[in-house]
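Here the sequence shown is numbered in this note's numbering, starting from 9 and rising by one per residue. Glycine is no exception: its CB is placed at the ideal position from the N, C-alpha and C atoms.
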Amino acid sequence: MNKIITVFGSSIPKAGDDEYATGYELGKKLALNKFDVCTGGYKGIMEAVSKGAVDNGSRAIGVTLDYIKTVANKYITEEIKCSNLFERINKLIELGSAYIVLQGGTGTLLELSAVWEFMNKGLISPKPIIAHSNVWKEIGTTMDLQIKKENRITGLVSYADSVEDIIIQLDLKLKGV
Numbered sequence: 009m010n011k012i013i014t015v016f017g018s019s020i021p022k023a024g025d026d027e028y029a030t031g032y033e034l035g036k037k038l039a040l041n042k043f044d045v046c047t048g049g050y051k052g053i054m055e056a057v058s059k060g061a062v063d064n065g066s067r068a069i070g071v072t073l074d075y076i077k078t079v080a081n082k083y084i085t086e087e088i089k090c091s092n093l094f095e096r097i098n099k100l101i102e103l104g105s106a107y108i109v110l111q112g113g114t115g116t117l118l119e120l121s122a123v124w125e126f127m128n129k130g131l132i133s134p135k136p137i138i139a140h141s142n143v144w145k146e147i148g149t150t151m152d153l154q155i156k157k158e159n160r161i162t163g164l165v166s167y168a169d170s171v172e173d174i175i176i177q178l179d180l181k182l183k184g185v
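1. Which residue's Cα is closest to the Cα of E33: S170, R96 and L178?
2. Give the straight-line distance between the Cα atoms of M127 and G17, rounded to the nearest whole angstrom.
3. Counting only runs that start and end within the region 42 to 87, where is the beta strand (DSSP E) found for 3 or more residues in a row?
4. List the whole-angstrom C-beta distance separating Y167 from K135, where the pair is believed to meet the contact cut-off of C-beta under 8 Å.
5. Going straight from the alpha carbon of G65 to that of I161, what length do you get?
6. Mapping the DSSP letters down to three states, classify A23 as helix, strand or coil.
7. Rounding to the nearest angstrom, what Cα-Cα distance links T78 and M9 in this structure?
8. With a floor of 3 residues, list each beta strand (DSSP E) that falls wholly inside the region 87 to 145, ordered by position along the chain.
9. Using DSSP with H/G/I as helix, E/B as strand and the rest coil, what is I161?
10. Contact defined as beta carbons within less than 8 Å: I believe G24 pairs with S58. What is the distance between those atoms, to the nearest angstrom?
11. Going by C-alpha to C-alpha distance, which of G48, A139, K183 and R96 sits closest to G163?
12. Decide if S141 is buried, meaning its Cβ has at least 16 other Cβ atoms within 10 Å, or exposed.
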């Protein structure tokens, strides 16, 4: 069975947007490297990643909320419905062998913060977190300075400038995991 990579990202981008294309390319490359994907299951980057994975032979798990009227995107091969946002975030984290953070807003920040904090507090074993975008690098660099002052674990988040770099990092970090 393939390892599952959880991808966090915005629901805003649409087909034709650069961010959507990046999501599709990531889903495709993950599938070609024998990974399944897990996302929040809705539109935007979540849809793009799922489409890229399914178009190339992998599963796309969507973790959705049962109280939101929006339906899961049509590329989801398995939907897991959660009763609240925190259960959803926990499920996204639980399913992932690694985490990729693409372009997003406060929801994506919440997901990144949750997985990062769970690792920092020892609530889950360290797993790769790879963030793609200068915004995440700026946030991560600032947070690592504070985390270092608190004598906590730094360097849990790595950064990638391209989909190819994400795949290279995943390959290196998941060998033997």
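The relevant details are as follows:
1. One-based indexing of the sequence shown puts residue 33 at position 25. Measuring from the Cα of E33, the nearest candidate turns out to be S170.
2. Sequence index remark: in the sequence shown, residue 127 carries index 119 (1-based). Sequence index remark: in the sequence shown, residue 17 carries index 9 (1-based). Rounded to whole angstroms, M127 to G17 spans 20 Å at the Cα level.
3. 43 to 47 and 68 to 73
4. Locating residue 167 in the sequence shown gives position 159, counting from the first residue. Locating residue 135 in the sequence shown gives position 127, counting from the first residue. Not really, about 16 Å apart at Cβ, beyond 8 Å.
5. As a position in the sequence shown, residue 65 is number 57, starting the count at 1. As a position in the sequence shown, residue 161 is number 153, starting the count at 1. So the two alpha carbons sit approximately 37 Å from each other.
6. As a first step, residue 23 must be located in the sequence shown, where it is residue number 15. Coil, per DSSP.
7. The residue labelled residue 78 in the question sits at position 70 within the sequence shown. The residue labelled residue 9 in the question sits at position 1 within the sequence shown. Cα to Cα, the separation comes out at about 30 Å.
8. 106 to 109 and 137 to 140
9. Here residue 161 corresponds to residue number 153 of the sequence shown, with the count starting at 1. Here I161 sits in coil by DSSP.
10. In the sequence shown, residue 24 corresponds to position 16, counting from 1. In the sequence shown, residue 58 corresponds to position 50, counting from 1. Wrong, their Cβ atoms sit about 17 Å apart, outside the cutoff.
11. What you label residue 163 is simply residue 155 of the sequence shown in a count that begins at 1. The shortest Cα separation from G163 among G48, A139, K183 and R96 belongs to A139.
12. In the sequence shown, the residue the question calls residue 141 occupies position 133. It is buried - the Cβ of S141 has at least 16 other Cβ atoms within 10 Å.
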